[in-house]
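Take a look at the structure set out below.
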Amino acid sequence: MKNNERRELTRFYDLIKRKDYKKIEMSLNTISKINATAISDPKDLDLLKQYTKNKEILKIIMRNDIKFLLCNKRKIHKEMINTVLYLDNAYIKEIKDIIIDNIIIQKYENYVYSMKSNIRKLCELKKAIDWFENSLDSLRLNESDIPPQWNLEGDFVFKFCVLTKQIICNIIFHNNIDNKDYLDGLKYILEFEKKYCNHIFSDNCCENNNNTNNDKNKKIIFK
């Protein structure tokens, strides 16, 4: 084992205690290059065993820190997310679900209240789509550090679609809908789905996109 690798393994626990996530990320990057199968020195093997235990401690601390930040509506810093990506797949999925669920729920609850209060006719669905587009812009701006493969936008679009269709069903079953209102509502939904539902299966969310000709950056215009 190289001296710099031993040094990183030795100081790893101290970095965890200080919660220095930038240096933890760098340390994990160095340690990830160690070929553990080629190590036979007992002292080096002990260092690796201790590192494995320390990594479990790191996972607990990070989970708590991330939940604290989310509960206080504070941003998850990029170095924390990068550190998560060096850990095992099960932990990555757990943290991904925690972060995405919390981000979406915060916006989703506002949407539920707004829709139930303001949408009484199908032709008023434009209000919902305007709200969605503003929220999606905010999502792209504020959550740009979320890895694109986590597809935050896809989850957001999916939940919006499900709730909007529930609202449509409630309107249809509890009101007399004339043909024009029905067709207006149907037009809004079809245009929305045509434009946004590809996000559900996309790995390109939350990335900066400066191409003004891209359809994802265009507003829907209802005439």
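Residue numbers (my numbering): 877 to 1099.
Even for Gly, the Cβ is constructed at its ideal location relative to N, Cα and C.
Residue i to residue j span [Cα, whole Å]
i, j, result
"residue 934", "residue 1007", "39 Å"
"residue 1009", "residue 1057", "22 Å"
"residue 1042", "residue 937", "39 Å"
"residue 899", "residue 973", "25 Å"
"residue 929", "residue 884", "15 Å"
"residue 919", "residue 906", "18 Å"
"residue 1047", "residue 983", "23 Å"
"residue 880", "residue 890", "16 Å"
"residue 1016", "residue 997", "30 Å"
"residue 942", "residue 1035", "23 Å"
"residue 913", "residue 967", "23 Å"
"residue 1038", "residue 1051", "20 Å"
"residue 953", "residue 964", "20 Å"
"residue 904", "residue 978", "27 Å"
"residue 894", "residue 931", "14 Å"
"residue 1011", "residue 1005", "10 Å"
"residue 970", "residue 923", "27 Å"
"residue 1055", "residue 976", "39 Å"
"residue 878", "residue 962", "20 Å"
"residue 908", "residue 950", "30 Å"
"residue 882", "residue 1070", "54 Å"
With 16 other Cβ atoms within 10 Å as the buried cut-off, status of residue i
i, result
"residue 981", "exposed"
"residue 1045", "exposed"
"residue 1014", "exposed"
"residue 1001", "buried"
"residue 947", "exposed"
"residue 901", "buried"
"residue 1032", "buried"
"residue 834", "Coverage of the chain is limited to positions 877 through 1099, which leaves residue 834 absent and any answer about it impossible."
"residue 921", "exposed"
"residue 1059", "exposed"
"residue 1068", "buried"
"residue 888", "buried"
Terminal residues of the alpha helix (DSSP H) in which residue i lies
i, result
"residue 1024", "Unbroken run through residue 1024: none, as it is neither H nor E."
"residue 996", "Unbroken run through residue 996: none, as it is neither H nor E."
"residue 1003", "1001-1018"
"residue 1053", "Note, residue 1053: premise wrong, no alpha helix (DSSP H); not H, not E."
Below-8 Å beta-carbon distance, residue i vs any chain D residue
i, result
"residue 1072", "Of the protein chains in the structure, only one exists, and it is not chain D."
Do the region 1019-1028 and the region 1060-1069 meet, that is, are 3 or more Cβ pairs less than 8 Å apart?
-> Below 8 Å, too few C-beta pairs join the region 1019-1028 and the region 1060-1069 to call them touching: fewer than three.
Residue ranges of each alpha helix (DSSP H) within the region 889-963, 4 or longer | 897-907, 918-947, 954-960
Give a yes or no on contact between the region 948-967 and the region 1017-1024, applying the rule of three or more CB pairs nearer than 8 Å.
-> Flag = yes, the region 948-967 and the region 1017-1024 touch.
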